[in-house]
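Positions in the sequence shown are counted from 1; adding 16 to them yields our numbering.
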Amino acid sequence: MKAFLTLGDGIDALWQVERPEPRPGPDEVLVRLRAAALNYRDLLVVNGVGGWKPREARIPLSDGAGIVVATGERVSRVRVGDRVAGIFLPKWLDGELTAEKYVAPLGGAVADGVAAAYRLFHEEAVVPVPDHLDDVEAATLPVAALTAWHAVSRRSRVQPGDQVLIQGTGGVSLFATQFVRALGGSPIVTSSSDEKLERVRALGAAATINYRRCPAWEQEVLRLTGGRGVDHVIEVVGGENLNRSLDAVRLSGTISFIGLIAGLGGTVDTYRFVTRNVTIHGIETGSREMFEEMNRFLLARRLHPIIDRPFPFDELPDALRYLERGGHFGKVVVVF
Numbered sequence: 017m018k019a020f021l022t023l024g025d026g027i028d029a030l031w032q033v034e035r036p037e038p039r040p041g042p043d044e045v046l047v048r049l050r051a052a053a054l055n056y057r058d059l060l061v062v063n064g065v066g067g068w069k070p071r072e073a074r075i076p077l078s079d080g081a082g083i084v085v086a087t088g089e090r091v092s093r094v095r096v097g098d099r100v101a102g103i104f105l106p107k108w109l110d111g112e113l114t115a116e117k118y119v120a121p122l123g124g125a126v127a128d129g130v131a132a133a134y135r136l137f138h139e140e141a142v143v144p145v146p147d148h149l150d151d152v153e154a155a156t157l158p159v160a161a162l163t164a165w166h167a168v169s170r171r172s173r174v175q176p177g178d179q180v181l182i183q184g185t186g187g188v189s190l191f192a193t194q195f196v197r198a199l200g201g202s203p204i205v206t207s208s209s210d211e212k213l214e215r216v217r218a219l220g221a222a223a224t225i226n227y228r229r230c231p232a233w234e235q236e237v238l239r240l241t242g243g244r245g246v247d248h249v250i251e252v253v254g255g256e257n258l259n260r261s262l263d264a265v266r267l268s269g270t271i272s273f274i275g276l277i278a279g280l281g282g283t284v285d286t287y288r289f290v291t292r293n294v295t296i297h298g299i300e301t302g303s304r305e306m307f308e309e310m311n312r313f314l315l316a317r318r319l320h321p322i323i324d325r326p327f328p329f330d331e332l333p334d335a336l337r338y339l340e341r342g343g344h345f346g347k348v349v350v351v352f
């Protein structure tokens with residue numbers, strides 16, 4: 017089988033290898049990957065940033081979907097022919113995230129990912145994908161979609177009429193926009209691109225803000241909400257941007273904290289947590305149980321992920337460079 021490997025030495029240093037097709041153990045399933053979606057995290061791994069740098073040669077990418085082609089003798093959850101996706105944290109099946117469950121995330125420093133023609137999964141670590149999605153769409157679900165679902169549905173518990181500030185138009189943000197709209201909420205979306213804002217309005221955004229033309233965007237959020245602030249913030253930027261999210265959220269609102277685009281730290285007015293009486297949640301992807309719940313919602317509402325463009329698998333380095341440039345709208349995917 018074909019696979020890409022990285023030592024965290026940059027996109028140009030990725031190399032492709034041929035490996036034997038793996039065989040499943042008693043509790044494992046062999047998945048023939050059909051597509052894999054790219055995330056910002058993949059750039060951190062391939063470029064060797066901090067703790068994301070692999071300790072040895074690793075197969076990158078964490079989002080993939082395919083078809084089960086072989087199973088071990090004890091497997092009962094899925095059958096040959098089922099279309100499935102692997103879960104990002106293979107031990108987080110349900111309940112809250114614990115140290116015992118927070119192990120071996122796919123495509124990172126300590127575990128191989130899905131940039132390969134075949135991959136073995138424990139039978140507990142795969143989820144059937146919704147029938148109405150094609151392989152490219154299904155590949156986008158394990159990280160970006162599930163993170164957005166966790167934030168919007170489980171943490172913020174968006175209700176009809178809630179106003180939700182969604183920062184940016186990346187993968188998580190676009191899924192969050194779709195989920196908020198489908199739940200009856202009103203998304204307010206920020207971006208530096210008028211073209212992207214026009215497209216996100218077509219997805220159901222109630223209002224949009226170009227933060228380049230409106231640097232004090234938090235004040236615009238207050239204006240749009242009559243001075244009250246939004247009920248919830250999907251915070252994907254991080255760093256000192258959290259101060260501005262605190263200004264934009266209503267008293268006793270919620271902030272789902274996901275992002276690290278602005279870095280891993282920053283000066284934050286922590287007392288503002290008190291005066292705003294807010295709840296701030298850190299969001300780490302989600303459990304298998306959340307994934308299954310999200311898939312039922314996607315199927316019931318007939319929601320489709322937004323795809324920017326697919327690349328052939330052999331062009332994975334080009335796909336990563338394209339993602340790195342940041343001009344995409346929707347998920348960037350490689351197809352096997």
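For glycine and all other residues, C-beta sits at the position ideal for the given N, C-alpha and C.
Can you tell me whether residue i is helix, strand or coil according to DSSP?
i	result
Y56	helix
S78	coil
K212	helix
V237	helix
G269	strand
Q175	coil
W68	helix
R106	It is Pro, not Arg, that sits at residue 106 in the sequence shown. P106 falls in the coil class under three-state DSSP.
With respect to 7 Å, is the separation between the Cβ of residue i and the closest non-hydrogen atom of the ligand SAM below this value?
i	result
F327	In the structure on display, the ligand SAM does not appear, and there are no ligands present to speak of.
Does the Cβ-Cβ distance between residue i and residue j come in under 8 Å?
i	j	result
P76	A160	no
G269	D247	yes
C223	L240	Reading off the sequence, residue 223 comes out as Ala, not Cys. In contact: A223 and L240 (Cβ atoms closer than 8 Å).
L136	P38	yes
Q183	V252	yes
G88	G41	yes
L109	G82	no
Considering only the alpha carbon of each residue, which of the options lies closest to residue i?
i	options	result
A29	P333, K347 and H344	P333
E340	P38, R57, L21 and R48	R57
D263	V249, S78 and T22	V249
Y134	G220, G111, A52 and Y287	A52
L315	V237, D330 and L157	L157
E305	T286, T185 and L162	L162
L23	L109, M17 and V126	V126
A198	S208, T206, S207 and S169	S169
S272	L258, A120 and D285	L258
H166	G343, M310, I296 and R337	M310
D147	R337, R229, S202 and R312	R312
A335	V33, E34 and N55	N55
D150	Y118, L122, G80 and L190	G80
Q32	F329, F345 and R337	F329
G129	A86, T283, G177 and R74	R74
T301	L238, L113 and H344	L113
Assuming the contact rule is C-beta atoms closer than 8 Å, residue i and residue j should be a hit. Round their C-beta distance to whole Å, please.
i	j	result
V265	G245	5 Å
T355	K212	Nothing about residue 355 can be read from this structure; the chain reaches only from 17 to 352.
E236	R260	About 11 Å separates the two Cβ atoms, so there is no contact after all.
I353	R171	Within the shown structure, residues of the chain are numbered from 17 to 352, placing residue 353 beyond reach of any answer.
Y227	S208	6 Å
Segment contact flag, the region 95-104 with the region 131-143, C-beta cutoff 8 Å, min 3 pairs: yes
Taking one C-beta from the region 317-325 and one from the region 340-349 each time, how about it: are there three or more such pairs within less than 8 Å? yes
Is the number of C-beta pairs between the region 288-298 and the region 306-320 that are closer than 8 Å three or more? no
Assess contact between the region 89-98 and the region 27-46, defined as three or more Cβ pairs (one per stretch) separated by less than 8 Å. Is contact present? yes
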